[in-house]
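Worksheet for the structure shown next.
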Amino acid sequence: MDHVERLTGRAGQPGNREPGMRVPLTTRDFLDRAELVYGDRIGIVDEPNQPAPSLGEVPYREVARRGRALQAGLDALGVGEGERVAIVSHNAARLLEVLLAVPSSGRVAVPVNFRLNPEEVSYIVGHSGARVLLVDPELETSLKGVQAEHRFGTGEEYEQLLAFDTEPRPWSEPDEDATATINYTSGTTARPKGVQMTHRNEWVNAVTFAMHMQLGDRDVYMHTLPMFHCNGWGLPFSAAGVGARQVVIRKIDGAEILRRVEQHGVTVMAGAPAVWNAVLDAASDWDGEVPGRDRVRIIVAGAPPPSRTIARVEAELGWEFNQIYGLTETAPLVTINRPRAEYDDLDPEERARRLSRAGVPALGTRLQVSGSGEALVRSNTVLAGYWDNPDASAEALEGGWFHTGDGGSLDEGGYLTISDRKKDVIITGGENVSSIEVEDAVFSHPAVAEVAVIGIPDEKWGELVTALVVLAEGQSATEEEIIAHCKARLAGYKAPKRVEFRDELARTATGKIQKFKLREAFWQPGERQVH
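Numbering (our numbering), first residue to last: 787 to 1317.
Below, the structure is given as structure tokens:
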């Protein structure tokens, strides 16, 4: 057979090629492979300290069996393909099961930020049309007013939902373009938007992430990142697909992270800069050598930490520092910055400076900066659209590129540096906070005449939510009063951590508040005004 025959399957007829085999890329592939290849291996080590009964150490074969039981239980409730299952939970093995099992059956998982207040959770459950709501026992009281057609706690009630004696109905027509998850993100309005991630989005992100981070079956991945956040950046799928053990940690504490790194032989973790600052603080009191030295690699995103923090991670912990840039709308991987061989002989300060950039495009991702300075992305990981929001979808995907809303620049090596957030979003502790939403809460205080909310640099949180307030004539209020007022109306992490009172706020000739001028007082000259 000649070269043309091998390519076309028909000698001398390259224009008449018949379609080849096409197998849908779905999230089921990851757990299926884990069960087949690593079935007897411990797949998940559940959090031991939680209000629900811990599942302990669960082999991947049992993870898959429990997933099928969950699917059969949803069958019995009459929850069909394409219908939504919402879950509000701290990190737990059962949340991991939902992420792996629900989309694999053709249904849609809706993981919800457990830090949101009841009104926000209720909006998301209602807007997504979720027929099933699963609630962490720790949140049962605070979320008692949030309802769905079927509601279960994620403890004993969840176990009763599982139907182990029934084979679940198979997904009738697996489709890689079907929605796998809807992840709600804080934008610049009070109402969050539901990001539709397809199976193809999730599959490509998980495989690309695993390749860039060189994940393998000798790795132990610990979930220091909230799983609700962008589906744990897709790493639950990556880890299952390569047979890596997954260790669940429920609450972030620097000393506890070090203990579990030592106990479980952890090699990979991901999270916001605040997580690693907590670990650095705990390491200063650690008795003996810091566990994981020359073994652990961490993946950092959210607000890029100062280069000094990067240098400390590598020097004091001996852990490899990796940074990514991404958004919920991109599944999230857009760029990645890993320590290259070319960096090995650099002094620590220069090495840290290079690692402080957002990174270069991940495999299959195209990146450009528009004439107005906005970072634009084309990739198989870009969202299908915003749930029930065609106008926002059209705006975000205008011209065939995803508009990130972040200002940035590309250097000659293709490395992206983020310099500004056009969406007026503050990233604090890895969570997006809408300045406008916080401003609405502050302004509802009767003593406030004007307010501008900005992010200011903070070594622990990345950015500190800060309210600059002008009081109404004849009115008085304290910083503590303003913060308490906001905490009564917002999720705790959104409330200002700092309030400053001003006589006036900088404005343009047309009356628009100039936030870039307000930020200047808090940033060093020449420093990019985004962390």
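For glycine and all other residues, C-beta sits at the position ideal for the given N, C-alpha and C.
Val918 sits close to Arg937, with the two beta carbons spaced by under 9 Å.
Residue state for Thr1121 is assigned as strand, using DSSP reduced to three classes. Assignment of beta-bridge partners to Gly1112 by DSSP yields Leu1119.
Under the three-state reduction of DSSP output, Glu1306 falls in the helix class. Contact annotation: the segment 872-891 touches the segment 809-817, with at least three C-beta pairs closer than 8 Å. Look at His876 here: in three-state DSSP terms it is coil, with no helix or strand label. Here the alpha carbons of Pro897 and Asp861 stand approximately 20 Å from one another.
In this structure, Ala1064 lies away from Gly1088, with their beta-carbon atoms at least 9 Å apart. For Ile1035, no alpha helix (DSSP H) run applies, since DSSP gives it neither H nor E.
If you draw a straight line from the Cα of Gly1193 to the Cα of Gly1157, it is about 11 Å long.
Three or more beta-carbon pairs separated by less than 8 Å link the segment 833-850 to the segment 939-953, which places the two stretches in contact. If you look at Asn987, you'll find it in the alpha helix (DSSP H) that goes His985 to His998. Within the same chain, Lys979 and Gly980 come within 8 Å of Asn1175 by CB-CB distance, once the 5 residues on both sides are set aside.
Looking from the CA of Asp1071, the closest CA among Ala1056, Gly1186 and Leu1103 belongs to Leu1103. Distance from the CA atom of Glu953 to the CA atom of His1271, rounded to whole angstroms, is 52 Å. Three or more Cβ pairs closer than 8 Å define a contact, and the segment 992-999 falls short of that threshold against the segment 913-930. Boundaries of the alpha helix (DSSP H) harbouring Gln946: Glu942 to Leu947, taken from the DSSP string. Counting the other CB atoms within 10 Å of its CB gives Met807 a total below 16, which places it among the exposed residues.
Of the residues Tyr1172, Arg1288 and Arg955, the one whose Cα lies closest to the Cα of Thr1116 is Tyr1172.
Ser1262 and Ala1253 have their C-alpha atoms spaced approximately 16 Å apart. Taking C-alpha positions only, Leu1001 is separated from Asp1210 by approximately 35 Å. For a cut-off of 8 Å, the C-beta gap from Leu1276 to Val1224 is around 7 Å, short enough to register as a contact. If you compare the alpha carbons of Ala1069, Gly1112 and Leu1113 with that of Glu1100, the shortest gap goes to Ala1069. In the structure shown, Leu1103 adopts helical secondary structure according to DSSP, grouped into three states. Cβ contact annotation for Tyr1007 (same chain, cutoff 6 Å, sequence separation greater than five): Ala1025, Ala1030, Gln1032 and Val1054, in chain order. By alpha-carbon distance to Ala1127, the top candidate from Leu1119, Gly859, Val1120 and Arg1140 is Arg1140. For Phe938, the uninterrupted beta strand (DSSP E) run begins and ends at His936 to Gly939, by DSSP. Comparing alpha-carbon positions, the option among Asn1218, His985, Leu947 and Leu841 lying closest to Ala878 turns out to be Leu841. Under the three-state reduction of DSSP, Glu959 is assigned to coil, being neither helix nor strand.
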